[in-house]
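Asks: I'd like to ask some things about the structure below.
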Amino acid sequence: MGREHLLAVGVEAAGLEAEVLLRHALQVSRTELYRAWEAPIDAAQWERYRALLEARAEGRPVPYLTGRREFMGLELVVDERVLIPRPETEVLVEALLHVLADHPAPRVLDVGTGSGAIALALARFLPRARVLATDVSAAALEVAAANARRLGLADRVAVARVDLLGAIAPAGRARLDAVASNPPYVDPDLARHLPREITDYEPRLAVVDPGGGTSFHRRLAEEAPRVLRPGGWLAVEVAAGQAPAVIELFARTGGYQEVRTVRDLLGIERVVIARRASTP
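Here's what the structure looks like:
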């Protein structure tokens, strides 16, 4: 019933999403669901499931209905205050894990943290890392801080309300080893073509760049050398087709070397990463 209902309204992954919503309504794992596949569902559970299906049919994304999203093996709490973490952003985390692998105790800044996905994944996989997760949205920081506590990472992941790098002013040995960001990068002229799951439910502040798609990348490229140690890394997520423009921004700034891109599983240049030059 659930799969057919979602198929009828054009949900592509109807079978998977119907199952996820059913498991949420029943509060069971996937294994428990299949073990009890023939068991009857009581009236209250059935009504919860029907309500979830209706909400999904209206466009509300599944992670907002379940309140959970998996990211690099971490279960994050999410709601309409934050962007839903996506697999593409895991490419950014993996790129930084690679370049920081030999660093004994890296200091990292996650700009525009939202749910805290990037910051928390870096802290989980770099056990001695210390991460500052910033966002301009106080509501988003509430979610990030709650996720840090749930995952037992609040001792190494701090949150702060900051507009990009505006109030970050480390100096000398306190300079950072990496700055990471998945900034808003959708051009306002293209935003109307986004799926309604995004336009109607996800925070526009985290999606659309009023400056045309790469204005946040430009500001990050200009400001990051001030807080990065020589040889430190700046890594940003970009939209499909934006990588050449962002690379040009990095080059224009003149404070970087080893500028390169990392492709996602679809072969799209999804991340631009560069090392701060020794002499900016």
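Quick note on numbering: the sequence shown equals residues 14 to 293 in my numbering. The beta-carbon is built from N, C-alpha and C at its ideal position, and this holds for glycine as well. Here the structure is a predicted model, which is why all the values come from computation and not from measurement.
1) Consult DSSP for Gly125 and reduce its assignment to one of helix, strand or coil.
2) Rounded to whole angstroms, what's the CA-CA distance from Leu203 to Val275? Just pull it up for me.
3) What distance in whole Å lies between the Cβ atoms of Leu189 and Leu122, which are believed to be in contact at a cut-off of 8 Å?
4) CB-CB under 7 Å to Val144, same chain, minus the five flanking residues each way: which ones, in chain order?
5) Excluding the five sequence neighbours on either side, which residues of its own chain have a C-beta within less than 8 Å of the C-beta of Val24, listed in chain order?
6) Could you give the DSSP three-state label for Arg36: helix, strand or coil?
7) Can you tell me where the beta strand (DSSP E) with Pro243 in it begins and where it stops?
8) Assuming Val272 and His230 are in contact, meaning their beta carbons sit under 8 Å apart, how far apart are those beta carbons, in whole angstroms?
9) What's the gap between the Cα of Gly185 and the Cα of Leu241?
10) May I ask you to check if the CB of Glu45 is nearer than 6 Å to at least one heavy atom of the ligand NAP?
11) Going along the chain, which residues of its own chain have a beta-carbon closer than 7 Å to the beta-carbon of Ile211, five neighbours each way excluded?
12) Quick check on Ser194: does DSSP put it in helix, strand or coil?
13) Can you give the Cα-Cα distance for Pro76 and Ile97, rounded to whole angstroms?
14) With DSSP as the reference, label Tyr62 as helix, strand or coil.
15) Exposed or buried, what is Asp213 when buried is set at 16 or more other beta-carbons lying within 10 Å of its beta-carbon?
16) With distances taken from CA atoms, which of Gly267, His116, Ala118, Val284 is nearest Gly254?
17) From the DSSP secondary-structure annotation, give me the bridge partner or partners of Ala287.
Replies: Taking the definition as stated:
1) coil
2) 24 Å
3) 5 Å
4) Val121, Asp123, Ala132, Leu135, Ala136, Arg169, Val170
5) Glu30, Arg69, Ala70
6) helix
7) 241-250
8) That pair is no contact at about 12 Å.
9) Unreliable placement is indicated for Gly185, whose pLDDT of 46 sits below 50; no coordinate value is reported for it.
10) Absent from the structure shown: the ligand NAP. Ligands present: none.
11) Val220
12) strand
13) 7 Å
14) helix
15) exposed
16) Val284
17) Leu247
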